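J.: In case it helps, UniProt numbering puts the sequence shown at residues 1 to 249. The C-beta atom is built at its ideal place from N, Cα and C for all residues, glycine as well. Just so it is clear, the structure is predicted and the values come from calculations on it, not from any experiment.
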Amino acid sequence: MSRRGKGTNHVWTAEEDAKLIECMLELKRGERFNGENRNGLRKGYQKELERMLQEKLPEHGLKEKLHIESRCKTMKKQYYMIYEVRNNGQLSGFGWDDQKTCVTASADANPECTFMRNKSFVYYDELAIIWGQDRANGNNAETPADMVKEIVREENVDQKMNHLTNALTTQMQKSDEQILKVAENFAGGGNQNVDNRHKLNEELQKVDVLTTVEKQRAAMKLVHNPNLLDYFVTLGVDEKEIFLVELLV
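In structure tokens form, the structure reads like this:
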């Protein structure tokens, strides 16, 4: 499941990264977006990635400017940085473990860079196919130290978003449980009413126009009135939204 955020605050999942790499390799193998002299990818490739990811991950809503552009930039910097560690010995105290596909660090390594230690970069070989020729030709003005500073900033954003996402997920799960308990704890007449109360939480989750608190209020009103509840479950999604808005007025 995608953890959405605005702009660079989107926290990319392993599935999204895998599909992004898959799409870039497809573009690299083709003629339209493969860079001149096979260097990198041509201008406009990120817009094409948006189209491809919409097909592969239709529910994730990944957009060129909001998400894809910054992720490609981060991946490119990570690749360039590891390239320097592996090939040019820059970033004193750091090395590369081919078996574990991760950066190693000695005790005297730069403490600002230790976030890389033992961190696996599983897509290094794939990124080498995409940007390897570009880096070998020296087409990047930033030093490894500059790259590290920017990646550290991006790592910090990801960590903050992870904490926020986990907190929100926990709260939403608790709220969903509360709605279900409300529906189950109120008595009503007949098996149909019982069935409808059990369906209530599921039906409320289909409604996007209400907040979690508003859904709880609606649940309490509906379980108190079996006739309204019976009517509610017969409605389509759009009709349910209108019904609930009116119910809460």
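(1) How would you write the range of the beta strand (DSSP E) that T234 sits in, first residue to last?
(2) Looking at W131: is its Cβ nearer than 8 angstroms to the Cβ of K76?
(3) In three-state DSSP terms, what is D98?
(4) For L27, name the three-state secondary structure that DSSP assigns.
(5) With three or more beta-carbon pairs closer than 8 angstroms as the criterion, would you say the region 93 to 105 touches the region 49 to 64?
(6) How would you call G40, buried or exposed, if buried means at least 16 neighbouring beta carbons within 10 angstroms?
(7) Inspect the beta-carbon positions of I82 and Y124 and report whether they are closer than 8 angstroms.
(8) Grouping DSSP H, G and I as helix and E and B as strand, with all else coil, what is N39?
(9) Look at the Cβ atom of V209, then the Cβ atom of E241, and state whether they are nearer than 8 angstroms.
(10) Taking DSSP's pairing of strands, which residues face T104 in a bridge?
(11) Just how far apart, CA to CA, sit P226 and G236?
(12) Which residues mark the beginning and the end of the alpha helix (DSSP H) in which E214 is found?
(13) What number of angstroms, rounded off, separates the C-alpha of H60 from the C-alpha of A14?
T.: So, from the data block:
(1) Here residue 234 is taken as the residue at index 234 of the sequence shown, counted from 1. Unbroken run through T234: none, as it is neither H nor E.
(2) By 1-based counting over the sequence shown, the position of residue 131 is 131. By 1-based counting over the sequence shown, the position of residue 76 is 76. Yes, these two residues count as a Cβ contact at 8 angstroms.
(3) Counted from its first residue, the sequence shown places residue 98 at position 98. If DSSP states are grouped into helix, strand and coil, D98 belongs with coil.
(4) For the purposes of this step, residue 27 is identified with residue 27 of the sequence shown, where counting begins at 1. The answer is helix: DSSP assigns L27 an H, G or I state.
(5) no
(6) Against the sequence shown, residue 40 aligns to sequence position 40. Its Cβ being crowded by 16 or more others within 10 Å, G40 is buried.
(7) What you label residue 82 is simply residue 82 of the sequence shown in a count that begins at 1. What you label residue 124 is simply residue 124 of the sequence shown in a count that begins at 1. Taking 8 angstroms as the Cβ cut-off, I82 and Y124 qualify as a contacting pair.
(8) The residue labelled residue 39 in the question sits at position 39 within the sequence shown. In this structure, N39 counts as coil in the three-state DSSP scheme.
(9) Indexing the sequence shown from 1 puts residue 209 at position 209. Indexing the sequence shown from 1 puts residue 241 at position 241. Closer than 8 angstroms, so yes.
(10) Taking the sequence shown and counting its residues from 1, one reaches residue 104 at position 104. Its beta-bridge partners are G95.
(11) Counting from 1 along the sequence shown, the entry for residue 226 is found at position 226. Counting from 1 along the sequence shown, the entry for residue 236 is found at position 236. Taking the straight line joining both Cα atoms gives about 18 angstroms.
(12) Mapped onto the sequence shown, residue 214 falls at position 214. Note, E214: alpha helix (DSSP H), 212 to 224.
(13) Here residue 60 refers to the residue found at position 60 when the sequence shown is read from its first residue. Here residue 14 refers to the residue found at position 14 when the sequence shown is read from its first residue. One C-alpha to the other measures close to 13 angstroms.
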